[in-house]
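Report on one structure; see the data block that follows.
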Amino acid sequence: MRSVTAAAGAAAVLAGLVTAAGPAAAAAAGTTACSPAIELLPALPGAGGGAVAGFGAGGLVVGDSGDRPAYWTGAEHTVHAVPLPAGFDRGSIKAVSAKGLMVGTATRDADRARVTFTHQKGAATSEALTTPVAEGRAVDIDVNESGRVVAVDNGVAKEWVNGTAVRELPVPADAIPGTKVVSLSGINKRGDIVGTASGSYFDAENDIEVTKTFPVVWPAGGGYPPYSLQVWNGYHSSFSTIGRDIDDRGRVVGLEDYYYRNDPRLTPAVWKKPYDALPTDPGRLAGFGHLEFNGSSPTTNAAVGTATTFEESWPSSFQAVYWPGQGTPKALPFPAGAPGAKPLSRAFAATDDDRVGGSLSDRESGTGSAVVWTCASKQAYAPQS
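Heads up, the sequence shown is in this note's numbering, so the first residue is 910 and it goes up one at a time.
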């Protein structure tokens, strides 16, 4: 583990917080029992860069190291490689159950086909779960604490238990013609599932192509019909509204993704039960025009994501974002003096014990690391501009 704490002691942690987050954040950190730190996780041999995508029991951390699936264990975050499914070349672990069942995605370089897979911690192999799909198709997967796995297989949304498909998830009855579930991205402790559906048809009367991409929630157990979550802008292909995660209270976080004529826009979105209203937008990080939510903590109402700046329709800067569930989103700091002249960061996962996982890199050199922010709520700060 490379972290501010391990490298230079607690004084360096506070110095880094003052540099990156301002004195108020450092003072707040000093009043808590936990130790705020920015932990740069070690890479696999020969690998560079990486990201934390999820957390497991006993300090287990999962993600990727240099485009290779990996996990980290222990206080020093010892790194371990995860075998890819046969025939695939790159990948990442996305989540892990309480008993070490890992789920991830993998890519085959020859044809860019993608697949989801499972891996039991300690096993010698990983197993492909779904049929490979062509480049450009959405591929996502999640697993909850008890080991229930959700993904889309050959166009069918499914839930697995112990490697066996136990449920197919229907398209909501109120969906437009041609709608299919395109991805499943979250399942909470109870078993509620969030995903994204998309459909299109030609409206001959008005001579237009109607397209709608929207989040869906399937209640646990299948005893109730799915919910089509409301969207701000529908029925046009420029807008895609995506559900990324669902917490144990049923709150969904995600984004509205807009792109038209080189004019991108990312808007954070939050839906709450009973899912009878439009999503709320908590605002932007100061200095950034765009924000997306990627994950949430199970029960503490926190959400994490990435603030983005675009230059001529291309993303030019990123910063990891922490949102406590009220107020405006806050920035997570960079380590003092690192990583390079133009640092970039993203956040993908959060825990109830106030850890956030993501990635850290330098725009110019391309070097980077998987990263964990501890006591994230105490480190998060409001930029001045």
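C-beta atoms are modelled at their ideal positions from N, C-alpha and C, and glycine is treated no differently.
Around the C-beta of residue i, are 16 or more other C-beta atoms found within 10 angstroms, so that it is buried, or is it exposed?
{"i": "residue 1118", "result": "exposed"}
{"i": "residue 972", "result": "buried"}
{"i": "residue 1068", "result": "buried"}
{"i": "residue 1020", "result": "exposed"}
{"i": "residue 1008", "result": "exposed"}
{"i": "residue 1036", "result": "exposed"}
{"i": "residue 1027", "result": "buried"}
{"i": "residue 1070", "result": "exposed"}
{"i": "residue 932", "result": "Residue placement at residue 932 is flagged as unreliable, the pLDDT there being 34, under the threshold of 50; a coordinate-derived value is accordingly withheld."}
{"i": "residue 954", "result": "exposed"}
{"i": "residue 1106", "result": "buried"}
{"i": "residue 1251", "result": "exposed"}
{"i": "residue 1183", "result": "exposed"}
{"i": "residue 1033", "result": "exposed"}
{"i": "residue 938", "result": "Low local confidence applies: a pLDDT of 36 at residue 938 is under 50, so the model's placement there is unreliable, and no value is given."}
In terms of alpha-carbon separation, which member of the options lies closest to residue i?
{"i": "residue 1234", "options": "1255, 1138, 1191, 1074", "result": "1191"}
{"i": "residue 986", "options": "949, 1170, 1256", "result": "949"}
{"i": "residue 1052", "options": "1082, 1005, 1022", "result": "1005"}
{"i": "residue 1205", "options": "963, 953, 955, 952", "result": "963"}
{"i": "residue 1189", "options": "1081, 1164, 1111, 1209", "result": "1164"}
{"i": "residue 1279", "options": "960, 1075, 1293, 943", "result": "960"}
{"i": "residue 1171", "options": "1044, 1223, 1241", "result": "1223"}
{"i": "residue 1297", "options": "1098, 999, 1216, 979", "result": "The first residue shown for the chain is 910 and the last is 1294, placing residue 1297 beyond what the model contains."}
{"i": "residue 1073", "options": "1048, 1141, 1200, 1039", "result": "1039"}
{"i": "residue 1154", "options": "1057, 1013, 1050", "result": "1050"}
{"i": "residue 1093", "options": "1110, 1116, 1064", "result": "1064"}
{"i": "residue 1015", "options": "952, 1001, 1113, 1175", "result": "1001"}
{"i": "residue 1111", "options": "977, 1085, 1097", "result": "1085"}
{"i": "residue 1095", "options": "1150, 1156, 1062", "result": "1156"}
{"i": "residue 1243", "options": "1175, 1268, 982, 1098", "result": "1268"}
Taking the CB atoms as reference points, tell me whether residue i and residue j lie closer together than 8 Å.
{"i": "residue 1025", "j": "residue 1066", "result": "no"}
{"i": "residue 1083", "j": "residue 1137", "result": "yes"}
{"i": "residue 1075", "j": "residue 1125", "result": "no"}
{"i": "residue 1241", "j": "residue 1285", "result": "yes"}
{"i": "residue 1231", "j": "residue 1195", "result": "no"}
{"i": "residue 975", "j": "residue 952", "result": "yes"}
{"i": "residue 1162", "j": "residue 1202", "result": "yes"}
{"i": "residue 1022", "j": "residue 1041", "result": "yes"}
{"i": "residue 1173", "j": "residue 1200", "result": "no"}
{"i": "residue 1281", "j": "residue 970", "result": "yes"}
Taking the continuous beta strand (DSSP E) assigned at residue i, which residues delimit it?
{"i": "residue 1003", "result": "999-1005"}
{"i": "residue 902", "result": "Nothing about residue 902 can be read from this structure; the chain reaches only from 910 to 1294."}
{"i": "residue 1053", "result": "Per DSSP, residue 1053 belongs to no beta strand (DSSP E) and is neither H nor E."}
{"i": "residue 1155", "result": "1148-1155"}
{"i": "residue 1218", "result": "1212-1220"}
{"i": "residue 1089", "result": "1089-1096"}
{"i": "residue 909", "result": "Past the edges of the chain, shown from 910 to 1294, lies residue 909, and the structure says nothing about it."}
{"i": "residue 1158", "result": "No beta strand (DSSP E) contains residue 1158, which DSSP labels as neither H nor E."}
{"i": "residue 949", "result": "946-949"}
{"i": "residue 1008", "result": "Here residue 1008 belongs to no beta strand (DSSP E), and DSSP marks it neither H nor E."}
{"i": "residue 1145", "result": "Here residue 1145 belongs to no beta strand (DSSP E), and DSSP marks it neither H nor E."}
{"i": "residue 1199", "result": "1199-1205"}
{"i": "residue 1046", "result": "Run containing residue 1046: none; DSSP gives neither H nor E here."}
{"i": "residue 959", "result": "959-964"}
{"i": "residue 1258", "result": "1252-1259"}
Taking only the alpha-carbon atoms, compute the straight-line gap between residue i and residue j and give it to the nearest angstrom.
{"i": "residue 1100", "j": "residue 1236", "result": "29 Å"}
{"i": "residue 1254", "j": "residue 1166", "result": "20 Å"}
{"i": "residue 1291", "j": "residue 1179", "result": "20 Å"}
{"i": "residue 1266", "j": "residue 1198", "result": "23 Å"}
{"i": "residue 1218", "j": "residue 1103", "result": "28 Å"}
{"i": "residue 1181", "j": "residue 1159", "result": "7 Å"}
{"i": "residue 910", "j": "residue 984", "result": "For residue 910, the pLDDT reaches just 26, beneath the cut-off of 50, and the residue's location in the model is therefore unreliable, although a value from the coordinates is still provided. Taking the straight line from one Cα to the other gives about 8 Å."}
{"i": "residue 1257", "j": "residue 1228", "result": "12 Å"}
{"i": "residue 875", "j": "residue 1207", "result": "The question about residue 875 has no answer here: the residues shown for the chain are numbered 910 through 1294."}
{"i": "residue 923", "j": "residue 1287", "result": "Here residue 923 scores only 30 on pLDDT, less than 50, and its place in the model should not be relied on; the value that follows carries that caveat. If you take the alpha carbons of residue 923 and residue 1287, they lie about 11 Å apart."}
{"i": "residue 1058", "j": "residue 1134", "result": "19 Å"}
{"i": "residue 1078", "j": "residue 1273", "result": "44 Å"}
{"i": "residue 996", "j": "residue 1044", "result": "16 Å"}
{"i": "residue 1186", "j": "residue 1055", "result": "31 Å"}
{"i": "residue 1013", "j": "residue 998", "result": "13 Å"}
{"i": "residue 1087", "j": "residue 1140", "result": "18 Å"}
{"i": "residue 966", "j": "residue 991", "result": "17 Å"}
{"i": "residue 1270", "j": "residue 1245", "result": "14 Å"}
{"i": "residue 1121", "j": "residue 1215", "result": "24 Å"}
{"i": "residue 1108", "j": "residue 1145", "result": "10 Å"}
{"i": "residue 1003", "j": "residue 1115", "result": "43 Å"}
{"i": "residue 1193", "j": "residue 1293", "result": "13 Å"}
{"i": "residue 1047", "j": "residue 1127", "result": "19 Å"}
{"i": "residue 1226", "j": "residue 1259", "result": "22 Å"}
{"i": "residue 1168", "j": "residue 942", "result": "45 Å"}
{"i": "residue 1277", "j": "residue 1132", "result": "45 Å"}
{"i": "residue 1017", "j": "residue 957", "result": "20 Å"}
Would you kindly report the start and end of the unbroken alpha helix (DSSP H) that includes residue i?
{"i": "residue 1287", "result": "1285-1288"}
Taking 8 Å as the threshold (beta carbon to beta carbon), is residue i in contact with chain D?
{"i": "residue 1253", "result": "The question asks about chain D, but that chain is absent: this structure has only one protein chain."}
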